[in-house]
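Sequence order for the protein chains is G and S. Positions in the first sequence are counted from 1; adding 8 to them yields this note's numbering. Numbering follows this note's numbering, with no gaps: position 158 of the second sequence is 156. Glycine included, each C-beta is placed from N, C-alpha and C at the ideal position. Step one of this worksheet: look at the structure below.
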Amino acid sequence: MKENNKKVFSLKLFLKQYLFFLIMLILLGFFLIFKFDIGIKAATVIVSSFKEILLVLPPIFILIGLLDEWTSKETMIKLMGEKSGLKGILLAFLIGTVAAGPLYAGFPIAMILMKKHVKFFNIIIFIGAWSTTKIPMLLYEMSALGYKFALVRLALNIFVIIIIAYIMELVIKKDEISSIYKKAENY
Amino acid sequence: MKQGNYIFNIIVYLIAIVFLIISFIKSKQKTKKALIKAWNSFKNILPMLLGIITSIGLLLSILNPEIIKKIIGEKSGAYGVLISSILGSVALFPGVVAFSTAALLLSSGAGYVQMAAFVQTLMMVGVITLPMEIKYFNKKIAILRNLISFVLSVGVAYLIGFILGLWN
């Protein structure tokens, strides 16, 4: 009986979690039936991006798990916490810049950093650096759009990232920050 | 075109494997816990990712490159910058594809400012990934970050155009 209850519950949870995906799949089904050329094109794009994501994400999540297990909160507070000053900012820039990967892969890492009580300002710096100033991408940007374009964009973005972090720190209240840090801790 | 991605993947895999081996030598128990955590956080985000990928696939096939090129390919001025910024905010391309797309559009007559706006918003603003960002932070923080990023991206685009104009 208990076993049965558990099964019903997990099916409900599954449906809730996958609702958006299921709706999109139904939509894709409609296209495949009524507008086959668009449907098959979409299916090809979906399969190839899914493959790419499956390739990109596993090592990132393994690194996240290791980072969480092996770094103590105390060390991270010392390195990037409230009183870390310029060193913390530079470190946040560095971690975000050296790593590549899409924006959405940066969020779970930001959460681990919050769990380790890294300063909110540095979290936003990290997200900014992760999204735009990517060393692995820089060479490619230079070859595709020209070195002047890439270098000017990089230089401007260093300022932009710091400005964003300052505005966020000004606007977001302390208790709001502590509530999302609590959420991260429960992860 | 995909070479940049492959090199990135290989590097990340190598780093992960090296750290995994070091961790395993130091403590089997901790490594096991880390892997369980990795799997759980992957499982957590998978449904949302699947939904996002499928919706993007559908969107990209309905709006084909020719239509996109038509709207921002001409000398479209501020209007084109705005449209490029909105497209960049909504689209979800990997960086390598983004640069290639921008390069392609540039060679077919798009302005530098429009393409800078496109690349910049593509990387900084994520409307499609907003639900994910809200899940990890909260609604206010996620929306505010994207909003500020959008406004500053447009500014950066114009500055890039201005500076490149002086430099060339």
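Query raised in the report: So V168 (chain G) is in the alpha helix (DSSP H); what residue range does that whole segment cover?
Result: Taking the first sequence and counting its residues from 1, one reaches residue 168 (chain G) at position 160. Note, V168 (chain G): alpha helix (DSSP H), 155 to 179.
Report task. Would you kindly report the start and end of the unbroken alpha helix (DSSP H) that includes G49 (chain S)? Result -> Numbered from its first residue, the second sequence carries residue 49 (chain S) at position 51. 26 to 60 is the extent of the alpha helix (DSSP H) around G49 (chain S).
**Report entry** W138 (chain G), buried or exposed, once every other Cβ within 10 Å from all chains shown has been counted against 16
**Finding:** Numbered from its first residue, the first sequence carries residue 138 (chain G) at position 130. Looking at its Cβ environment, which holds 16 or more other Cβ atoms inside 10 Å, W138 (chain G) is buried.
Query raised in the report: Quick one: is D183 (chain G) near chain S, going by C-beta distance under 8 Å?
Result: Residue mapping note: residue 183 (chain G) aligns to position 175 of the first sequence, counting from 1. Output row for D183 (chain G): interface = no.
Query raised in the report: In chain G, what lies closer than 7 Å to Y11 (chain S) by C-beta?
Result: By 1-based counting over the second sequence, the position of residue 11 (chain S) is 13. Chain-order list of chain G residues neighbouring Y11 (chain S): P67, by C-beta distance under 7 Å.
Report task. Could you pull out every unbroken beta strand (DSSP E) segment of at least 3 residues lying fully inside the region 115 to 159 of chain S, listed in chain order? Result -> Listed in chain order, nothing qualifies, since the region 115 to 159 of chain S has no complete beta strand (DSSP E) run of 3 or more residues.
Query raised in the report: Is S167 (chain S) buried or exposed, if buried means 16 or more other CB atoms sit within 10 Å of its CB?
Result: Past the boundaries of the shown model lies residue 167 (chain S); chain S is included only from -1 to 166, so the question cannot be answered.
Query raised in the report: By Cβ distance below 6 Å, which residues in the same chain neighbour L80 (chain S) in space, the five residues on each side in sequence not counted?
Result: Sequence index remark: in the second sequence, residue 80 (chain S) carries index 82 (1-based). If we look at L80 (chain S) and ignore the five residues flanking it on each side, it has no Cβ neighbours.
Report task. Work out the CA separation of K43 (chain G) and F101 (chain G) for me, nearest whole Å. Result -> As a first step, residue 101 (chain G) is located in the first sequence; it is residue number 93 there, counting from the start. As a first step, residue 43 (chain G) is located in the first sequence; it is residue number 35 there, counting from the start. Whole-angstrom Cα-Cα distance: 46 Å.
Query raised in the report: What number of angstroms, rounded off, separates the C-alpha of A155 (chain S) from the C-alpha of I170 (chain G)?
Result: For the purposes of this step, residue 155 (chain S) is taken as residue 157 along the second sequence, with counting starting at 1. For the purposes of this step, residue 170 (chain G) is taken as residue 162 along the first sequence, with counting starting at 1. Looking at the two C-alpha atoms, the distance is approximately 17 Å.
Requested in this report: Please go through the region 88 to 113 of chain G and give each complete alpha helix (DSSP H) segment of 4 or more residues, from N-terminal end onward.
Outcome: Counting whole runs of 4 or more residues, the region 88 to 113 of chain G contains the alpha helix (DSSP H) stretches 93 to 106.
Requested in this report: Please classify L90 (chain S): does DSSP put it in a helix, a strand, or coil?
Outcome: If you number the second sequence from 1, residue 90 (chain S) lands on position 92. Three-state result, L90 (chain S): coil.
Query raised in the report: How many angstroms separate the CA atom of M(-1) (chain S) from the CA atom of L103 (chain S)?
Result: As a first step, residue -1 (chain S) must be located in the second sequence, where it is residue number 1. As a first step, residue 103 (chain S) must be located in the second sequence, where it is residue number 105. Low per-residue confidence applies at M(-1) (chain S): pLDDT is 36, beneath 50, and the placement is therefore not dependable, though the value from the model is reported in the following sentence. Approximately 15 Å, taken between the alpha carbons.
Query raised in the report: On the three-state DSSP scale, how would you describe K190 (chain G)?
Result: As a working note, residue 190 (chain G) is residue 182 in the first sequence. Three-state DSSP puts K190 (chain G) in a helix.
Query raised in the report: Would you call the CB atoms of P67 (chain G) and V16 (chain S) closer than 8 Å?
Result: What you label residue 67 (chain G) is simply residue 59 of the first sequence in a count that begins at 1. What you label residue 16 (chain S) is simply residue 18 of the second sequence in a count that begins at 1. Contact: no.
Query raised in the report: Do the region 134 to 146 of chain S and the region 115 to 126 of chain G meet, that is, are 3 or more Cβ pairs less than 8 Å apart?
Result: Taking 8 Å as the limit for Cβ pairs, the verdict is that the region 115 to 126 of chain G does touch the region 134 to 146 of chain S.
Requested in this report: Compare the C-alpha of L57 (chain S) against each of S:L90, S:P129, S:T119 and name the closest.
Outcome: Against the second sequence, residue 57 (chain S) aligns to sequence position 59. Just measuring C-alpha positions, the residue of S:L90, S:P129, S:T119 sitting nearest L57 (chain S) is S:L90.
Query raised in the report: Taking buried to mean at least 16 other C-beta atoms within 10 Å of its own C-beta, is Y112 (chain G) buried or exposed?
Result: Your numbering for residue 112 (chain G) matches position 104 in the first sequence. Counting Cβ neighbours within 10 Å, Y112 (chain G) comes out buried, since at least 16 surround it.
Query raised in the report: Measuring CA to CA, which of S:V123, S:F97, S:W165 is closest to F148 (chain S)?
Result: Counting from 1 along the second sequence, the entry for residue 148 (chain S) is found at position 150. Taking only the C-alpha atoms, the option nearest F148 (chain S) is S:V123.
Query raised in the report: For the region 41 to 61 of chain S, which residues have a CB atom closer than 9 Å to at least one CB atom of chain G, in sequence order?
Result: Taking a C-beta cut-off of 9 Å against chain G, the contacting residues of the region 41 to 61 of chain S are N42, I43, L44, P45, M46, L47, L48, G49, I50, I51, T52, S53, I54, G55, L56, L57, L58, S59, I60, listed in chain order.
Query raised in the report: Is the distance from the Cβ of L153 (chain G) to the Cβ of A100 (chain S) below 8 Å?
Result: For the purposes of this step, residue 153 (chain G) is taken as the residue at position 145 of the first sequence. For the purposes of this step, residue 100 (chain S) is taken as the residue at position 102 of the second sequence. Cβ atoms of L153 (chain G) and A100 (chain S): closer than 8 Å.
Requested in this report: Return yes when the Cβ of G47 (chain G) is within less than 8 Å of the Cβ of L36 (chain G), no when it is not.
Outcome: Stepping through the first sequence from its first residue, residue 36 (chain G) is reached at position 28. Stepping through the first sequence from its first residue, residue 47 (chain G) is reached at position 39. Yes, these two residues count as a Cβ contact at 8 Å.
Query raised in the report: For K127 (chain G), does the three-state DSSP call read helix, strand or coil?
Result: Counting from one through the first sequence, the residue named residue 127 (chain G) turns up at place 119. DSSP places K127 (chain G) outside both helix and strand once states are collapsed to three, so it counts as coil.
Query raised in the report: When the Cα of L62 (chain G) is compared with those of S:L44, S:Q27, S:T52, which residue comes out closest?
Result: Taking the first sequence and counting its residues from 1, one reaches residue 62 (chain G) at position 54. Among S:L44, S:Q27, S:T52, the Cα nearest to that of L62 (chain G) belongs to S:L44.
Query - Whether I70 (chain G) touches L18 (chain S) by CB criterion (8 Å) - result: Taking the first sequence and counting its residues from 1, the one referred to as residue 70 (chain G) is at position 62. Taking the second sequence and counting its residues from 1, the one referred to as residue 18 (chain S) is at position 20. With respect to L18 (chain S), I70 (chain G) sits close: the two C-beta atoms are nearer than 8 Å.
Report task. Assign L164 (chain G) to one of two classes, buried (16 or more other C-beta atoms within 10 Å of its C-beta) or exposed (fewer than that). Result -> Reading the first sequence from its first residue, position 156 is the one you call residue 164 (chain G). Buried.
Query - Helix, strand or coil at G75 (chain S) [DSSP, three-state] - result: If you number the second sequence from 1, residue 75 (chain S) lands on position 77. Under the three-state reduction of DSSP output, G75 (chain S) falls in the helix class.
Query raised in the report: From G86 (chain S) to L178 (chain G), what does the alpha carbon distance come to, in whole angstroms?
Result: By one-based count along the second sequence, residue 86 (chain S) stands at place 88. By one-based count along the first sequence, residue 178 (chain G) stands at place 170. Cα-Cα distance, rounded: 27 Å.
**Report entry** Distance between M121 (chain S) and A113 (chain S) (C-alpha atoms, nearest Å)
**Finding:** Residue 113 (chain S) sits at position 115 when you count from the first residue of the second sequence. Residue 121 (chain S) sits at position 123 when you count from the first residue of the second sequence. Just to set this straight, residue 113 (chain S) is Met in the shown sequence, not Ala. Between the C-alpha atoms of M113 (chain S) and M121 (chain S) there is a straight-line separation of about 12 Å.
Query - Beta-carbon separation (whole angstroms), K138 (chain S) vs E184 (chain G), contact threshold 8 Å - result: One-based indexing of the second sequence puts residue 138 (chain S) at position 140. One-based indexing of the first sequence puts residue 184 (chain G) at position 176. Their Cβ separation, rounded to whole angstroms, is 7 Å, which keeps K138 (chain S) and E184 (chain G) in contact under 8 Å.
Query raised in the report: Between A173 (chain G) and L65 (chain G), what straight-line distance do the alpha-carbon atoms span, to the nearest angstrom?
Result: Counting from 1 along the first sequence, the entry for residue 173 (chain G) is found at position 165. Counting from 1 along the first sequence, the entry for residue 65 (chain G) is found at position 57. C-alpha separation (whole angstroms): 27 Å.
Query raised in the report: Using a Cβ-Cβ cut-off of 6 Å (strictly less than) and excluding sequence neighbours within five positions of F128 (chain G), which residues of its own chain qualify?
Result: For the purposes of this step, residue 128 (chain G) is taken as the residue at position 120 of the first sequence. Within its own chain, the residues whose Cβ lies closer than 6 Å to the Cβ of F128 (chain G), once the five positions on either side in sequence are excluded, are I185, listed in chain order.
Query raised in the report: Is the Cβ-Cβ distance between I143 (chain G) and V106 (chain G) less than 8 Å?
Result: In the first sequence, the residue the question calls residue 143 (chain G) occupies position 135. In the first sequence, the residue the question calls residue 106 (chain G) occupies position 98. A contact, by the Cβ cut-off of 8 Å.
Query raised in the report: Closer than 8 Å, CB to CB, is I185 (chain S) near chain G or not?
Result: The question about residue 185 (chain S) has no answer here: the residues shown for chain S are numbered -1 through 166.
Query raised in the report: G93 (chain G): which of G:K24, G:A51, G:G114, G:V126 sits nearest, CA to CA?
Result: Numbered from its first residue, the first sequence carries residue 93 (chain G) at position 85. Nearest in C-alpha terms to G93 (chain G), of all of G:K24, G:A51, G:G114, G:V126, is G:V126.
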